[in-house]
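Here's the structure, in structure tokens; my notes come after.
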Amino acid sequence: MVSTLAKVLIVVVGVLLVFQNLGYQVGSLLAGLGLGGAAIALASKDTIANLFGSIVIFVDRPFQVGDWVEIGEHEGTIEEVGLRVTRIRTFANSLITIPNSTLTTTAINNWSRMQKRRIKLTIGVTYDATPDQLKAAVDGILEALHGDRRIAQDFMLVNFTNFGASSLEIFVYCFTLTTRWDEYMQIREEVLFEFMRRLHDLGLSFAFPSQSLYIESMPPGGAPAAWTRCTGSGSGRRSSGRGRGAGA
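To convert, count from 1 in the sequence shown and add 1190; that's our numbering.
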């Protein structure tokens, strides 16, 4: 790039010297070129911004051809990085062209530079599980993860974390050593099947969103008790529904 600029400067100086030897007023010529250059620069500001963006990409190297990236709303594989634009091949096989100037002001998520890939999920079991069963489930899931060499062993979490609306919740958080999407999906599937087998062996059932409806039993008289409000107290009290005489 430096050698190219030097060549351009030498050519420009040479042309100016030739014009001066031919009797032209170089100062007037430069003034005219200055006005014309300003107009050209104004008209080509987007092109200049894109060229500057390509320099930033070259220096910072946030991605390279073949990387899986997410840029704003766009996600796919970098197919080409040019002086003016960058092209991304999406997973729907369409080609998106992004001006390089946009890349200097947009967050870039480079998925290809992941060192590990995360598995994060919450397992809900039914409320009829006993504390011993729940503790055995947590220990069994941890044992399964520790026994799988495809799972990173330096950090993982398996804990009973919450009394959910319709389930007892076990939180699982770990990482696969591979970052390839197809291998990750295969490992995740096999790990989940292993979780299912262990919970089934413990006699536990998976919970699903549900509601319980409790109906109050009818009183011996046949009619449900009514609620009346005590004057001034603001609290409700149950009444049998039979009126009392004024002299009672």
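Heads up, the beta-carbon is just placed ideally off N, CA and C, and yes, glycines get one too. Since the model is a prediction, treat every value here as computed from it, not as a measurement.
- Message: Taking the straight line between their C-alpha atoms, what separation do you get for Gly1433 and Ser1357?
- Response: In the sequence shown, residue 1433 corresponds to position 243, counting from 1. In the sequence shown, residue 1357 corresponds to position 167, counting from 1. Caution is warranted here: a pLDDT of 43 is assigned to Gly1433, below 50, making its placement in the model unreliable, and no coordinate value can be reported.
- Inspect the beta-carbon positions of Glu1380 and Gly1314 and report whether they are closer than 8 Å. By 1-based counting over the sequence shown, the position of residue 1380 is 190. By 1-based counting over the sequence shown, the position of residue 1314 is 124. The answer is no: Cβ separation not under 8 Å.
- Per DSSP, what kind of secondary structure is Lys1310 in: helix, strand or coil? Locating residue 1310 in the sequence shown gives position 120, where the first residue counts as 1. Looking at Lys1310 - three-state DSSP - the assignment turns out to be strand.
- Residue closest to Thr1295, alpha-carbon to alpha-carbon, out of Lys1306, Glu1265 and Ile1261: Taking the first residue of the sequence shown as 1, we reach residue 1295 at position 105. Looking at the Cα atoms, Ile1261 is the closest of the given residues.
- Unbroken alpha helix (DSSP H) run spanning Tyr1374, endpoints: Here residue 1374 refers to the residue found at position 184 of the sequence shown. Tyr1374 -> alpha helix (DSSP H) spans Trp1371 to Asp1391.
- Report, in whole angstroms, the separation of the C-beta atoms of Leu1293 and Gly1243, which I expect to be a contact under 8 Å. Position 103 of the sequence shown holds residue 1293. Position 53 of the sequence shown holds residue 1243. Yes, Leu1293 and Gly1243 are in contact; Cβ-Cβ is about 6 Å, under 8 Å.
- Query: What is the DSSP secondary structure of Val1255, counted as helix, strand or coil?
  - Reply: Translated into positions along the sequence shown, residue 1255 becomes position 65. DSSP places Val1255 in coil when its eight states are reduced to three.
- Query: Going by C-alpha distance, which of Ser1291, Ile1268 and Phe1365 is nearest Thr1280?
  - Reply: In the sequence shown, residue 1280 corresponds to position 90, counting from 1. Restricting attention to Ser1291, Ile1268 and Phe1365, the CA atom closest to the CA of Thr1280 is found in Ile1268.
- Can you name the start and end residues of the beta strand (DSSP E) that Leu1285 belongs to? In the sequence shown, counting from the first residue as 1, residue 1285 sits at position 95. Secondary structure note for Leu1285: its beta strand (DSSP E) is the uninterrupted segment Leu1285 to Pro1289.
- Message: Just to confirm, is the Cβ distance from Val1271 to Ile1288 under 8 Å?
- Response: As a first step, residue 1271 must be located in the sequence shown, where it is residue number 81. As a first step, residue 1288 must be located in the sequence shown, where it is residue number 98. Not a contact, by the Cβ cut-off of 8 Å.
- Task: Report the rounded CA-to-CA distance for Val1259 versus Leu1324, giving the unit in angstroms.
- Result: Start at 1 with the first residue of the sequence shown, and residue 1259 comes out as number 69. Start at 1 with the first residue of the sequence shown, and residue 1324 comes out as number 134. Val1259 and Leu1324 have their alpha carbons spaced roughly 40 Å apart.
- Since I believe Leu1394 is in contact with Ala1319 (beta carbons under 8 Å), could you give me their beta-carbon distance rounded to a whole number of angstroms? Within the sequence shown, numbered from 1, the residue matching residue 1319 stands at position 129. Within the sequence shown, numbered from 1, the residue matching residue 1394 stands at position 204. Contact between Ala1319 and Leu1394 holds: CB atoms are separated by about 6 Å, below the 8 Å threshold.
- What are the residues that DSSP puts in a beta bridge with Leu1347? Position 157 of the sequence shown holds residue 1347. BP columns for Leu1347 point to Tyr1363.
- Item | Ile1331, enclosing alpha helix (DSSP H) - first and last residue | Indexing the sequence shown from 1 puts residue 1331 at position 141. Start and end: Pro1321 to His1336.
- CB-CB under 6 Å to Phe1253, same chain, minus the five flanking residues each way: which ones, in chain order? One-based indexing of the sequence shown puts residue 1253 at position 63. Contacts found: Val1259, Ile1268 and Asn1300.
- Query: Of the choices Glu1406, Tyr1317 and Lys1310, whose alpha-carbon is the least far from that of Thr1366?
  - Reply: Position 176 of the sequence shown, counted from the start, is the residue given in the question as residue 1366. Looking at Glu1406, Tyr1317 and Lys1310, the one whose alpha-carbon comes closest to that of Thr1366 is Lys1310.
- Residues near Asn1240 by beta carbon distance below 6 Å, same chain, minus five either side: Within the sequence shown, the letter at position 50 stands for residue 1240. So the qualifying residues of the chain are Arg1274, Pro1289, Asn1290 and Ser1291.
- Helix, strand or coil at Arg1277 [DSSP, three-state]: Here residue 1277 refers to the residue found at position 87 of the sequence shown. In the three-state reduction of the DSSP assignment, Arg1277 falls in the strand class, which pools E and B.
- Query: Out of Cys1364, Pro1321, Asp1322 and Ala1326, which has the shortest C-alpha to C-alpha gap to Arg1339?
  - Reply: The count along the sequence shown starts at 1 and reaches residue 1339 at position 149. When each option's Cα is compared against that of Arg1339, the closest is Cys1364.
- Item | Limits of the beta strand (DSSP E) - the one that Ile1298 falls within | Your numbering for residue 1298 matches position 108 in the sequence shown. Ile1298 -> beta strand (DSSP E) spans Ile1298 to Asn1300.
- In chain order, what residues of the same chain have a beta carbon less than 6 Å from the beta carbon of Thr1316, not counting five sequence neighbours either side? Taking the sequence shown and counting its residues from 1, the one referred to as residue 1316 is at position 126. Result list for Thr1316: Ser1395 and Ala1397, in chain order.
- Compute the distance between the beta-carbons of Ile1286 and Ile1278, then report whether it is under 8 Å. Locating residue 1286 in the sequence shown gives position 96, counting from the first residue. Locating residue 1278 in the sequence shown gives position 88, counting from the first residue. Yes, these two residues count as a Cβ contact at 8 Å.
- To the nearest angstrom, report how far apart His1336 and Val1348 are at their CA atoms. Numbered from 1 along the sequence shown, position 146 holds the residue referred to as residue 1336. Numbered from 1 along the sequence shown, position 158 holds the residue referred to as residue 1348. Annotation: His1336 to Val1348 spans about 11 Å, alpha carbon to alpha carbon.
- Are the CB atoms of Ala1334 and Leu1392 nearer to each other than 8 Å? Mapped onto the sequence shown, residue 1334 falls at position 144. Mapped onto the sequence shown, residue 1392 falls at position 202. No.
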